[in-house]
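Notes to accompany the following structure.
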DNA sequence: ATGAAAGCGCTAACAC
DNA sequence: GTGTTAGCGCTTTCAT
């Protein structure tokens, strides 16, 4: 009646290869103890039979779990919900995970929450964790049994490898573009102060401005539209002759442009505005936003690959490039 | 890999409740055969001990799987990758799934692909499927062993429950707003022709225009920015006196506004533009986009809840409301 | 309605 | 190195 297609099991592979289940298992594991000929034979047979290990069985036996948790640190749950970045990250992660028969789930944690990783470690079903918006306290709270199964987007260390975008280079490129096109008094709306990896963009700003012999014009901010609105208002109030604003990210830039518009300030005529991330919306609005690229999808695909793929290929630190995307706003 | 810290197992619950593991299992399953007192006792003990069933063990024993697959039909893989909707859907799905200890993975399938569901059914590890952009052929291809574990976003039927946004009401509200504010010659850039659930918005357009005694101005389209660009160009070429354009979704509206801008047509002065979805970017650009709300997150949270939660509460068809969001563009 | 026992597919001890 | 033997935690026959 019901056509039940029996899936290929390790048992089938072992039998076909003329070895025991254990040997087959070892041969398929990357660094398992197995003789080279046996390993080759098992792998060939497995490939030929189209063997796909059952994640559930593997998890149950090995105690490893069947899902990747994208753990996002933020000041509030709402901040995560309204964050487009998370959607893009999940998109890439869920696509790669699918190829491994694994799923991805999402969890918010308060900034600096040292309880997150221990809780995740105690929880069954967690295969690995991708940490987004990592802070030092959280990084130091990695429990022993989660070691090697955590990857951080942003700052790394304490045995946790990291992947991030090269904000320093990207931000520098944007600033140079600003100065090269004649801007002189460039202000910056800062990223959230609690986020370590974001400090690199502030650093780039300081560095370039020092190089140009220009005084800094920094106001506090975050990664949301409202930071942009408020930030631009503060900038224009404190330094009315500002002729360019660098925002911590595109979203902030959108907020800044909204404020400038309401102030009757023309962008880019009076004030240039630049962001960071090159989100899809950056190219669509008016004026199209000058920004620096941020390969969010690449980063998160690489993160999941690092967790699920051959473990040998995981460098302690990886920086993906960011490039200037010059458009009309600056 | 290091072994896990021991968590509360069903065995612990059974022992504490003074029953066998089997009884405990039955008591926790919704409609399992168990006496009322035993069931109550087991549940109390389980709650007290903080028992969380191991998804992997459950999957292995029951053959159910540990992940939800978000299966998206689209004309190309790239169309999925650039779709903001998918990110938002995953966001909501992954958050709800996390509460059940389950992950979500993403898979693209060609439009009308009848092989998708059978393949997913044969695959181990698949607990359930959320079908996005469902078409009739795909809906009819649900294999027997996946029945009850598939939920469709869009059209339903063939034993597959569905959740969708009430596009008919939303689109009608937008159109009424257009006419109420004095627009007379309203064109529409159509949604993709292959998408059944999208026909409701075309229907709404036809209906309202017939009611107003106005001739239809429809051009073919899709859900991407480029459809908007091309669509608006076609509209203005064929009917230069058009004073409003209704786009199939916000993204299309952005594209349409870009074309109008390059044509020197003022929005909303000369031509009003309205979209559908109320994506975050709709509020940010200039002019802010008039549109209708689309509770994407609610829809996908409900879908995952339907797959993972108590099965009794899944209606065959559920329509979530869409409301006019009036802004400056129309 | 309940308990005992047999697996689900895999990995990890433990021998050899 | 390799096979043998136990489980991982749960659901499900089968008895009772």
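Protein chains in written order, with this note's numbering: chain A, 1 to 330; chain B, 1 to 330. All residues carry an ideal CB built from backbone N, CA and C; glycine is no exception. Note that the structure is predicted; figures quoted are calculated from it, not measured.
DSSP state of residue i, grouped into three classes?
i: residue 1 of chain A; result: Reliability fails at residue 1 of chain A, whose pLDDT of 28 lies under 50, so the model's placement of it is uncertain and the value that follows must be treated cautiously. DSSP places residue 1 of chain A in coil when its eight states are reduced to three.
i: residue 318 of chain B; result: strand
i: residue 244 of chain A; result: strand
i: residue 11 of chain B; result: helix
i: residue 82 of chain B; result: coil
i: residue 277 of chain B; result: strand
i: residue 18 of chain B; result: coil
i: residue 99 of chain A; result: helix
i: residue 35 of chain A; result: coil
i: residue 126 of chain B; result: strand
i: residue 131 of chain A; result: strand
i: residue 265 of chain B; result: coil
i: residue 25 of chain B; result: helix
i: residue 227 of chain B; result: helix
i: residue 105 of chain B; result: strand
i: residue 88 of chain A; result: helix
i: residue 255 of chain A; result: helix
i: residue 311 of chain A; result: helix
i: residue 305 of chain A; result: helix
i: residue 232 of chain B; result: helix
i: residue 195 of chain A; result: coil
i: residue 287 of chain B; result: coil
i: residue 329 of chain B; result: coil
i: residue 159 of chain B; result: coil
i: residue 43 of chain B; result: helix
i: residue 179 of chain B; result: helix
Sort out for me which residues DSSP pairs residue i with in a bridge.
i: residue 295 of chain A; result: In DSSP, residue 295 of chain A forms no bridge with anything.
i: residue 219 of chain B; result: B:189
i: residue 110 of chain A; result: A:74
i: residue 272 of chain A; result: A:244
i: residue 324 of chain A; result: A:292
i: residue 238 of chain A; result: In the DSSP output, where bridge partners are listed per residue, residue 238 of chain A has none listed.
i: residue 67 of chain A; result: A:103 and A:126
How would you list, in chain order, the residues of chain A whose beta-carbon sits under 7 Å from the beta-carbon of residue i?
i: residue 254 of chain B; result: 284
i: residue 7 of chain B; result: 122 and 124
In chain B, what lies closer than 7 Å to residue i by C-beta?
i: residue 225 of chain A; result: 284
i: residue 55 of chain A; result: 66 and 125
Can you name the start and end residues of the beta strand (DSSP E) that residue i belongs to?
i: residue 165 of chain B; result: 162-165
Looking at the secondary structure, which residues open and close the alpha helix (DSSP H) in which residue i lies?
i: residue 360 of chain A; result: This structure cannot settle anything about residue 360 of chain A, because the visible part of chain A is limited to 1 through 330.
i: residue 154 of chain B; result: Premise fails: residue 154 of chain B is in no alpha helix (DSSP H) and is neither H nor E.
i: residue 138 of chain A; result: 136-140
i: residue 62 of chain A; result: 55-62
Can you name the residues of chain B whose CB is closer than 8 Å to the CB of residue i?
i: residue 141 of chain A; result: Within chain B, no residue comes near residue 141 of chain A; the closest Cβ sits about 15 Å away, beyond 8 Å.
i: residue 70 of chain A; result: 94
Name the chain A residues that come within less than 9 Å of residue i, Cβ to Cβ?
i: residue 102 of chain B; result: 66, 67, 103, 105 and 125
i: residue 59 of chain B; result: 54, 55, 56, 57, 59, 60 and 66
Residues from the region 80-99 of chain A in contact with chain B, defined by Cβ distance under 8 Å: Result list: 81, 82, 84, 86, 87, 88, 90, 91, 94, 95, 97 and 98.
Interfacial residues, the region 193-225 of chain B to chain A, with Cβ spacing under 8 Å: Here the close residues are 225.
Against chain A: residues of the region 289-301 of chain B by CB proximity under 7 Å: Interface annotation for the region 289-301 of chain B against chain A: empty, criterion Cβ-Cβ distance under 7 Å.
Residues of the region 146-159 of chain A with Cβ closer than 7 Å to any Cβ of chain B, in chain order: Taking 7 Å as the Cβ-Cβ cut-off, the region 146-159 of chain A has no residue approaching chain B.
Residues of the region 256-282 of chain A with Cβ closer than 9 Å to any Cβ of chain B, in chain order: Taking 9 Å as the Cβ-Cβ cut-off against chain B, the residues of the region 256-282 of chain A that qualify are 257, 258, 261, 279, 280 and 281.
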